[in-house]
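Engineer:
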Amino acid sequence: MLIVQKFGGSSLADRERLRRAAEICMAQRRMGRDVVVVVSAMGDTTDRLLDKAQATGGIPSARELDALMTTGEQQAAALLVMTMESMGLRAVSLTGWQAGIITDAHHGDSGIRIIAPARVREALSRDKVAVVTGFQGICPEGDVTSLGRGGSDTTAVALAAALDADRCEIYTDVDGIYTADPRIIPEAVKLAEIDFRDMFALAKAGSQVLHAKSVELAMANSVELHLMSSFSDAPGSAVRFVPDSGRPAFAGVTRDPGQGKVSLAGKAADTAALSRAVLLLAENGIPVLSGELGEGCISVRVVPAQLVQAMVLIHRDFILGNT
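Counting the sequence shown from 1 gives a position; our numbering is that position plus 912.
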(Lines of atoms letter the chains of each structure in order from A and count residues from 1; the text may use other names and numbers.)
(Lines give C-alpha, C1' and ligand atoms only; values in the text may rest on other atoms or scores of the structure.)
Protein backbone atom coordinates (compact mmCIF):
# COMPACT_ATOMS: atom_id res chain seq x y z
CA MET A 1 0.00 0.00 0.00
CA LEU A 2 1.32 3.44 -0.96
CA ILE A 3 0.36 6.65 0.84
CA VAL A 4 1.26 10.20 -0.23
CA GLN A 5 1.32 12.63 2.69
CA LYS A 6 1.56 16.39 2.27
CA PHE A 7 2.53 18.68 5.16
CA GLY A 8 1.78 22.40 4.99
CA GLY A 9 4.04 25.14 6.30
CA SER A 10 2.33 25.41 9.69
CA SER A 11 2.87 21.67 10.19
CA LEU A 12 6.64 22.10 9.79
CA ALA A 13 7.17 25.46 11.48
CA ASP A 14 9.59 24.35 14.22
CA ARG A 15 11.52 21.39 15.65
CA GLU A 16 8.54 19.95 17.54
CA ARG A 17 6.31 20.09 14.49
CA LEU A 18 8.97 18.49 12.30
CA ARG A 19 9.09 15.62 14.80
CA ARG A 20 5.30 15.35 14.82
CA ALA A 21 5.28 15.10 11.01
CA ALA A 22 7.98 12.42 11.18
CA GLU A 23 5.93 10.49 13.76
CA ILE A 24 2.85 10.59 11.51
CA CYS A 25 4.94 9.15 8.69
CA MET A 26 6.48 6.52 10.97
CA ALA A 27 3.03 5.31 11.99
CA GLN A 28 2.33 4.35 8.36
CA ARG A 29 5.73 2.73 7.95
CA ARG A 30 5.13 0.57 11.03
CA MET A 31 2.06 -0.80 9.26
CA GLY A 32 4.27 -1.82 6.34
CA ARG A 33 3.12 0.90 4.00
CA ASP A 34 5.29 2.81 1.53
CA VAL A 35 5.19 6.57 2.06
CA VAL A 36 5.98 9.57 -0.12
CA VAL A 37 5.95 12.91 1.68
CA VAL A 38 5.47 16.30 0.00
CA VAL A 39 6.42 19.43 1.94
CA SER A 40 5.69 23.13 1.80
CA ALA A 41 8.16 25.73 3.05
CA MET A 42 8.34 25.98 6.84
CA GLY A 43 6.18 28.55 8.61
CA ASP A 44 6.52 32.02 7.09
CA THR A 45 9.63 31.19 5.03
CA THR A 46 7.99 32.07 1.71
CA ASP A 47 6.90 35.50 2.99
CA ARG A 48 10.41 36.19 4.28
CA LEU A 49 11.97 35.23 0.95
CA LEU A 50 9.56 37.52 -0.85
CA ASP A 51 10.48 40.38 1.50
CA LYS A 52 14.15 39.82 0.68
CA ALA A 53 13.41 39.93 -3.03
CA GLN A 54 11.53 43.21 -2.65
CA ALA A 55 14.36 44.65 -0.54
CA THR A 56 16.76 44.47 -3.49
CA GLY A 57 15.18 47.65 -4.82
CA GLY A 58 14.59 46.32 -8.29
CA ILE A 59 11.78 44.45 -9.96
CA PRO A 60 12.78 40.76 -9.89
CA SER A 61 12.13 38.71 -13.00
CA ALA A 62 9.68 35.84 -12.70
CA ARG A 63 12.49 33.39 -13.42
CA GLU A 64 14.67 34.66 -10.57
CA LEU A 65 11.71 34.81 -8.20
CA ASP A 66 11.09 31.13 -8.89
CA ALA A 67 14.76 30.36 -8.27
CA LEU A 68 14.51 32.10 -4.89
CA MET A 69 11.04 31.11 -3.71
CA THR A 70 11.52 27.39 -4.31
CA THR A 71 14.46 27.24 -1.87
CA GLY A 72 12.03 27.29 1.07
CA GLU A 73 10.68 23.84 0.22
CA GLN A 74 14.22 22.49 -0.20
CA GLN A 75 15.07 23.59 3.34
CA ALA A 76 11.92 21.94 4.69
CA ALA A 77 12.57 18.65 2.87
CA ALA A 78 16.18 18.39 4.06
CA LEU A 79 15.32 19.26 7.66
CA LEU A 80 12.43 16.78 7.74
CA VAL A 81 14.71 14.01 6.43
CA MET A 82 17.32 14.89 9.05
CA THR A 83 14.60 14.69 11.70
CA MET A 84 13.40 11.33 10.38
CA GLU A 85 16.92 9.92 10.33
CA SER A 86 17.51 11.04 13.91
CA MET A 87 14.45 8.98 14.83
CA GLY A 88 15.64 5.89 12.98
CA LEU A 89 13.54 6.32 9.83
CA ARG A 90 15.31 5.87 6.49
CA ALA A 91 14.49 8.74 4.14
CA VAL A 92 15.85 10.84 1.28
CA SER A 93 14.95 14.34 0.11
CA LEU A 94 14.23 15.03 -3.56
CA THR A 95 13.65 18.35 -5.27
CA GLY A 96 10.77 18.68 -7.71
CA TRP A 97 13.07 18.16 -10.68
CA GLN A 98 14.80 15.18 -9.05
CA ALA A 99 11.34 13.70 -8.59
CA GLY A 100 10.75 14.08 -12.33
CA ILE A 101 8.17 16.89 -12.24
CA ILE A 102 8.25 18.57 -15.67
CA THR A 103 6.28 21.78 -16.13
CA ASP A 104 5.68 24.45 -18.72
CA ALA A 105 7.76 27.63 -18.59
CA HIS A 106 5.07 29.90 -17.14
CA HIS A 107 7.15 31.14 -14.20
CA GLY A 108 5.17 31.91 -11.06
CA ASP A 109 2.21 29.75 -12.02
CA SER A 110 3.50 26.80 -14.02
CA GLY A 111 1.41 23.78 -14.87
CA ILE A 112 2.64 20.19 -14.56
CA ARG A 113 3.02 18.55 -17.95
CA ILE A 114 4.42 15.14 -17.01
CA ILE A 115 5.87 13.30 -14.03
CA ALA A 116 8.58 10.68 -14.45
CA PRO A 117 9.13 9.63 -10.81
CA ALA A 118 11.97 7.14 -11.35
CA ARG A 119 13.99 8.40 -8.36
CA VAL A 120 10.92 8.32 -6.14
CA ARG A 121 10.30 4.69 -7.08
CA GLU A 122 13.97 3.92 -6.51
CA ALA A 123 13.81 5.38 -2.99
CA LEU A 124 10.73 3.28 -2.22
CA SER A 125 12.43 0.16 -3.58
CA ARG A 126 15.29 0.81 -1.12
CA ASP A 127 12.76 0.93 1.73
CA LYS A 128 13.12 4.68 2.18
CA VAL A 129 10.59 7.46 2.59
CA ALA A 130 10.85 9.86 -0.35
CA VAL A 131 10.45 13.46 0.86
CA VAL A 132 9.67 15.63 -2.16
CA THR A 133 9.67 19.42 -2.30
CA GLY A 134 6.23 20.72 -3.21
CA PHE A 135 5.42 23.78 -5.29
CA GLN A 136 8.19 23.26 -7.87
CA GLY A 137 9.39 21.53 -11.00
CA ILE A 138 11.58 22.11 -13.99
CA CYS A 139 10.66 23.31 -17.48
CA PRO A 140 12.05 21.88 -20.75
CA GLU A 141 14.56 24.75 -20.89
CA GLY A 142 16.08 23.47 -17.64
CA ASP A 143 14.91 26.31 -15.40
CA VAL A 144 13.34 25.85 -11.97
CA THR A 145 9.64 26.73 -11.95
CA SER A 146 6.99 27.26 -9.29
CA LEU A 147 3.43 25.96 -9.45
CA GLY A 148 1.74 29.02 -7.98
CA ARG A 149 -0.82 29.25 -5.21
CA GLY A 150 -1.55 25.88 -3.63
CA GLY A 151 1.37 24.36 -5.51
CA SER A 152 2.36 21.87 -2.83
CA ASP A 153 -1.16 20.41 -2.75
CA THR A 154 -0.95 20.10 -6.53
CA THR A 155 2.42 18.34 -6.28
CA ALA A 156 1.02 15.84 -3.79
CA VAL A 157 -2.02 15.01 -5.90
CA ALA A 158 0.01 14.77 -9.12
CA LEU A 159 2.52 12.42 -7.49
CA ALA A 160 -0.28 10.31 -6.03
CA ALA A 161 -1.76 9.96 -9.52
CA ALA A 162 1.61 9.20 -11.16
CA LEU A 163 2.50 6.60 -8.53
CA ASP A 164 -1.01 5.10 -8.43
CA ALA A 165 -1.11 5.73 -4.66
CA ASP A 166 -3.92 4.33 -2.58
CA ARG A 167 -4.68 7.75 -1.12
CA CYS A 168 -3.34 11.24 -0.62
CA GLU A 169 -3.37 12.73 2.88
CA ILE A 170 -3.20 16.53 3.28
CA TYR A 171 -2.01 17.53 6.77
CA THR A 172 -2.69 21.07 7.90
CA ASP A 173 -3.70 23.11 10.97
CA VAL A 174 -7.42 22.30 10.65
CA ASP A 175 -9.00 18.95 11.49
CA GLY A 176 -11.26 18.57 8.49
CA ILE A 177 -13.68 20.20 6.10
CA TYR A 178 -16.66 22.04 7.56
CA THR A 179 -19.88 23.34 6.08
CA ALA A 180 -18.46 26.83 6.72
CA ASP A 181 -15.44 28.38 8.36
CA PRO A 182 -16.00 27.48 12.05
CA ARG A 183 -14.06 30.58 13.11
CA ILE A 184 -16.87 32.65 11.57
CA ILE A 185 -19.79 30.28 12.08
CA PRO A 186 -19.32 28.21 15.28
CA GLU A 187 -22.29 25.99 14.43
CA ALA A 188 -20.63 24.81 11.21
CA VAL A 189 -20.70 21.03 10.85
CA LYS A 190 -17.62 18.92 10.19
CA LEU A 191 -18.04 16.65 7.18
CA ALA A 192 -16.88 13.04 7.17
CA GLU A 193 -16.81 13.22 3.37
CA ILE A 194 -17.55 15.63 0.56
CA ASP A 195 -17.92 15.05 -3.15
CA PHE A 196 -15.16 16.25 -5.48
CA ARG A 197 -17.65 18.46 -7.33
CA ASP A 198 -18.81 20.25 -4.19
CA MET A 199 -15.25 20.75 -2.90
CA PHE A 200 -14.15 22.09 -6.29
CA ALA A 201 -17.04 24.57 -6.33
CA LEU A 202 -16.20 25.78 -2.81
CA ALA A 203 -12.49 26.08 -3.63
CA LYS A 204 -13.19 28.14 -6.75
CA ALA A 205 -15.53 30.37 -4.74
CA GLY A 206 -12.91 31.29 -2.14
CA SER A 207 -12.57 28.45 0.39
CA GLN A 208 -8.99 28.25 1.67
CA VAL A 209 -9.10 24.64 2.86
CA LEU A 210 -7.97 23.08 -0.43
CA HIS A 211 -6.92 24.81 -3.62
CA ALA A 212 -9.09 24.47 -6.70
CA LYS A 213 -6.25 23.29 -8.96
CA SER A 214 -5.41 20.37 -6.65
CA VAL A 215 -9.06 19.36 -6.26
CA GLU A 216 -9.59 19.47 -10.02
CA LEU A 217 -6.51 17.31 -10.54
CA ALA A 218 -7.64 14.82 -7.89
CA MET A 219 -11.09 14.61 -9.47
CA ALA A 220 -9.64 14.06 -12.96
CA ASN A 221 -7.41 11.24 -11.71
CA SER A 222 -9.75 9.75 -9.07
CA VAL A 223 -7.22 10.41 -6.30
CA GLU A 224 -9.03 10.23 -2.97
CA LEU A 225 -8.00 13.06 -0.64
CA HIS A 226 -8.02 13.01 3.17
CA LEU A 227 -7.72 16.36 4.91
CA MET A 228 -6.28 15.82 8.40
CA SER A 229 -4.79 17.77 11.29
CA SER A 230 -1.08 17.59 12.07
CA PHE A 231 -1.83 18.51 15.68
CA SER A 232 -4.47 15.99 16.74
CA ASP A 233 -5.55 12.43 16.08
CA ALA A 234 -9.11 13.48 15.24
CA PRO A 235 -10.54 11.84 12.12
CA GLY A 236 -10.35 14.14 9.13
CA SER A 237 -12.55 14.55 6.07
CA ALA A 238 -12.42 12.61 2.81
CA VAL A 239 -12.83 14.19 -0.62
CA ARG A 240 -14.02 11.55 -3.06
CA PHE A 241 -16.71 10.75 -5.59
CA VAL A 242 -20.00 10.45 -3.70
CA PRO A 243 -23.09 9.07 -5.50
CA ASP A 244 -25.73 11.75 -5.98
CA SER A 245 -28.05 9.73 -3.77
CA GLY A 246 -25.60 10.23 -0.91
CA ARG A 247 -24.72 13.88 -1.53
CA PRO A 248 -26.48 16.51 0.58
CA ALA A 249 -28.54 19.10 -1.23
CA PHE A 250 -26.08 21.77 -0.05
CA ALA A 251 -22.54 20.94 1.02
CA GLY A 252 -21.12 24.23 2.24
CA VAL A 253 -20.95 28.01 2.29
CA THR A 254 -17.89 30.14 1.73
CA ARG A 255 -17.04 33.78 1.09
CA ASP A 256 -14.73 35.91 -1.02
CA PRO A 257 -14.18 39.17 0.89
CA GLY A 258 -12.39 40.75 -2.06
CA GLN A 259 -15.52 40.48 -4.18
CA GLY A 260 -18.06 40.81 -1.36
CA LYS A 261 -19.45 37.45 -2.41
CA VAL A 262 -21.08 34.59 -0.51
CA SER A 263 -21.30 31.25 -2.32
CA LEU A 264 -23.32 28.11 -1.63
CA ALA A 265 -22.27 24.78 -3.19
CA GLY A 266 -24.28 21.61 -3.66
CA LYS A 267 -26.21 19.49 -6.10
CA ALA A 268 -29.34 21.59 -5.45
CA ALA A 269 -27.60 24.93 -6.05
CA ASP A 270 -29.82 26.00 -8.94
CA THR A 271 -31.94 28.94 -10.07
CA ALA A 272 -34.59 28.22 -7.44
CA ALA A 273 -31.93 28.20 -4.70
CA LEU A 274 -30.54 31.51 -5.94
CA SER A 275 -33.99 33.11 -5.82
CA ARG A 276 -34.55 31.69 -2.36
CA ALA A 277 -31.23 33.13 -1.14
CA VAL A 278 -31.99 36.58 -2.54
CA LEU A 279 -35.41 36.58 -0.86
CA LEU A 280 -33.96 35.32 2.44
CA LEU A 281 -31.41 38.12 2.56
CA ALA A 282 -33.92 40.78 1.51
CA GLU A 283 -36.26 39.71 4.30
CA ASN A 284 -33.40 40.24 6.75
CA GLY A 285 -32.49 43.68 5.49
CA ILE A 286 -29.57 42.68 3.27
CA PRO A 287 -29.94 43.87 -0.32
CA VAL A 288 -28.30 41.67 -2.94
CA LEU A 289 -26.24 43.66 -5.43
CA SER A 290 -26.02 40.80 -7.93
CA GLY A 291 -26.42 37.06 -8.18
CA GLU A 292 -24.59 34.36 -10.12
CA LEU A 293 -25.43 30.80 -11.07
CA GLY A 294 -22.54 28.41 -11.70
CA GLU A 295 -22.17 24.66 -12.00
CA GLY A 296 -23.18 23.31 -8.62
CA CYS A 297 -22.83 26.73 -7.00
CA ILE A 298 -24.77 29.95 -6.49
CA SER A 299 -23.28 33.27 -5.39
CA VAL A 300 -24.66 36.58 -4.16
CA ARG A 301 -22.85 39.88 -3.77
CA VAL A 302 -23.60 42.14 -0.84
CA VAL A 303 -21.92 45.17 0.70
CA PRO A 304 -18.78 44.14 2.62
CA ALA A 305 -20.19 45.16 6.00
CA GLN A 306 -23.01 42.61 5.61
CA LEU A 307 -20.91 39.76 4.22
CA VAL A 308 -20.62 37.73 7.42
CA GLN A 309 -24.27 38.25 8.34
CA ALA A 310 -25.30 37.04 4.87
CA MET A 311 -23.08 33.99 5.23
CA VAL A 312 -24.59 33.13 8.62
CA LEU A 313 -28.14 33.43 7.31
CA ILE A 314 -27.50 31.31 4.22
CA HIS A 315 -25.72 28.64 6.25
CA ARG A 316 -28.51 28.51 8.82
CA ASP A 317 -31.29 28.30 6.23
CA PHE A 318 -29.75 26.07 3.55
CA ILE A 319 -27.30 23.92 5.52
CA LEU A 320 -28.69 23.55 9.02
CA GLY A 321 -32.25 23.77 7.75
CA ASN A 322 -31.68 20.76 5.49
CA THR A 323 -29.98 18.46 8.01
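Don't be surprised by glycine CBs; every beta carbon is placed ideally from N, CA and C.
On a Cα-Cα basis, can you pick out the residue from 992, 1035, 1039, 1151 that is closest to residue 1111?
Structural biologist: Reading the sequence shown from its first residue, position 199 is the one you call residue 1111. The shortest C-alpha separation from residue 1111 is found at 1151.
Engineer: Counting only the same chain and skipping the five closest in sequence on each side, list residues whose C-beta sits under 6 Å from that of residue 1175.
Structural biologist: Numbered from 1 along the sequence shown, position 263 holds the residue referred to as residue 1175. Short of 6 Å from the beta carbon of residue 1175, and not among the five residues preceding or following it, lie these beta carbons of its own chain, in chain order: 1117, 1166, 1209, 1211.
Engineer: Near residue 1100, which residues of its chain fall below 6 Å by C-beta distance, leaving aside the five closest residues on each side in sequence?
Structural biologist: On the sequence shown, position 188 is the one that residue 1100 refers to. Closer than 6 Å at Cβ, skipping near neighbours: 1090, 1091, 1092, 1094.
Engineer: Quick one, which of 1078, 1064, 1004, 976 has its alpha-carbon nearest residue 921's?
Structural biologist: Looking up residue 921 in the sequence shown gives position 9. Selected option, being the one with the closest Cα: 1064.
Engineer: So what does DSSP say about residue 1221, is it helix, strand or coil?
Structural biologist: The sequence position of residue 1221 within the sequence shown is 309, counting from 1. In this structure, residue 1221 counts as helix in the three-state DSSP scheme.
Engineer: What residue does the beta strand (DSSP E) around residue 1063 start on, and which one ends it?
Structural biologist: In the sequence shown, residue 1063 corresponds to position 151, counting from 1. Unbroken run through residue 1063 is the alpha helix (DSSP H), 1063–1074; no beta strand (DSSP E).
Engineer: Would you be able to state if there are at least three C-beta pairs under 8 Å between the region 945–958 and the region 967–977?
Structural biologist: no
Engineer: Under the three-state reduction of DSSP, which class applies to residue 1080: helix, strand or coil?
Structural biologist: Along the sequence shown, read from residue 1 onward, the residue named residue 1080 stands at position 168. Three-state DSSP puts residue 1080 in a strand.
Engineer: Between residue 1183 and the ligand PLP, is the CB less than 6 Å from at least one heavy atom?
Structural biologist: Ligands are entirely absent from the displayed structure, and the ligand PLP is therefore not among its contents.
Engineer: Per DSSP, what kind of secondary structure is residue 1038 in: helix, strand or coil?
Structural biologist: On the sequence shown, residue 1038 is found 126 positions in, with the first residue counted as 1. Looking at residue 1038 - three-state DSSP - the assignment turns out to be coil, as it is neither helix nor strand.
Engineer: For a minimum of 3 consecutive residues, which ranges assigned as the beta strand (DSSP E) are wholly contained in the region 1168–1217?
Structural biologist: 1173–1177, 1202–1206, 1209–1213
Engineer: Which residues in the same chain as residue 1073 place their Cβ atom closer than 6 Å to its Cβ, once the five residues preceding and following it in sequence are excluded?
Structural biologist: As a working mapping, residue 1073 is identified with position 161 in the sequence shown. These residues qualify, in order along the chain: 1133, 1135.
Engineer: Roughly how many angstroms lie between the CA atoms of residue 991 and residue 1096, to the nearest whole one?
Structural biologist: Sequence index remark: in the sequence shown, residue 991 carries index 79 (1-based). Sequence index remark: in the sequence shown, residue 1096 carries index 184 (1-based). Approximately 35 Å, taken between the alpha carbons.
Engineer: Quick one: using the 10 Å Cβ neighbour count with 16 as the cut-off for buried, is residue 966 buried or exposed?
Structural biologist: On the sequence shown, position 54 is the one that residue 966 refers to. Residue 966 is exposed by the Cβ-count criterion.
Engineer: Between the region 1035–1054 and the region 938–952, can you find at least three pairs of beta-carbon atoms closer than 8 Å?
Structural biologist: yes
Engineer: Excluding sequence positions up to five away, which residues of its chain have a Cβ less than 6 Å from the Cβ of residue 1149?
Structural biologist: Along the sequence shown, read from residue 1 onward, the residue named residue 1149 stands at position 237. Closer than 6 Å at the Cβ level, and outside the excluded window around residue 1149, lie 1088, 1089, 1103, 1139.
Engineer: Out of 933, 1038, 913, 927, point me to the one whose CA is closest to residue 1144's CA.
Structural biologist: Counting from 1 along the sequence shown, the entry for residue 1144 is found at position 232. Residue 1144 has its Cα closest to that of 933, out of 933, 1038, 913, 927.
Engineer: Short check: CB of residue 1013 to CB of residue 1049, under 7 Å?
Structural biologist: Within the sequence shown, the letter at position 101 stands for residue 1013. Within the sequence shown, the letter at position 137 stands for residue 1049. A contact, by the Cβ cut-off of 7 Å.
Engineer: Hey, out of 1188, 1182, 1218, 1184, whose CA is closest to residue 1198's CA?
Structural biologist: The sequence position of residue 1198 within the sequence shown is 286, counting from 1. When each option's Cα is compared against that of residue 1198, the closest is 1218.
Engineer: So, helix, strand or coil for residue 981, using DSSP?
Structural biologist: Start at 1 with the first residue of the sequence shown, and residue 981 comes out as number 69. Correct three-state label for residue 981: helix.
Engineer: State the Cα-Cα distance for the pair residue 1190 and residue 1196, rounded to the nearest angstrom.
Structural biologist: As a working mapping, residue 1190 is identified with position 278 in the sequence shown. As a working mapping, residue 1196 is identified with position 284 in the sequence shown. Cα to Cα, residue 1190 sits roughly 10 Å from residue 1196.
Engineer: Taking the alpha-carbon of residue 1234 as reference, which of 1200, 1193, 1159, 1202 has the nearest alpha-carbon?
Structural biologist: Stepping through the sequence shown from its first residue, residue 1234 is reached at position 322. The option with the nearest alpha carbon to residue 1234 is 1159.
Engineer: Looking at C-alpha atoms only, which residue of 1147, 1183, 1018, 1221 is the closest neighbour of residue 1169?
Structural biologist: Locating residue 1169 in the sequence shown gives position 257, counting from the first residue. Closest by alpha carbon: 1221.
Engineer: Run through the region 927–989 for me and flag every whole alpha helix (DSSP H) of 4 or more residues, listed as ranges in chain order.
Structural biologist: Entirely contained in the region 927–989, the alpha helix (DSSP H) runs reaching 4 residues are, in chain order, 927–942, 957–966, 974–981.
Engineer: With residue 1110 as the anchor, note down where its beta strand (DSSP E) starts and where it stops.
Structural biologist: Here residue 1110 refers to the residue found at position 198 when the sequence shown is read from its first residue. Taken as a continuous stretch (DSSP letters only), residue 1110 belongs to no beta strand (DSSP E), being part of the alpha helix (DSSP H) at 1108–1117.
Engineer: Under a three-way DSSP split, which group does residue 999 fall into?
Structural biologist: Counted from its first residue, the sequence shown places residue 999 at position 87. Of the three classes helix, strand and coil, the one that applies to residue 999 here is coil, per DSSP.
Engineer: I need the DSSP call for residue 1024, collapsed to helix, strand or coil.
Structural biologist: On the sequence shown, position 112 is the one that residue 1024 refers to. Note: residue 1024 maps to strand in three-state DSSP.
Engineer: At which residues does the alpha helix (DSSP H) containing residue 1132 begin and terminate?
Structural biologist: Residue 1132 sits at position 220 when you count from the first residue of the sequence shown. Membership of residue 1132 in the alpha helix (DSSP H) is indicated by the continuous run 1124–1133.
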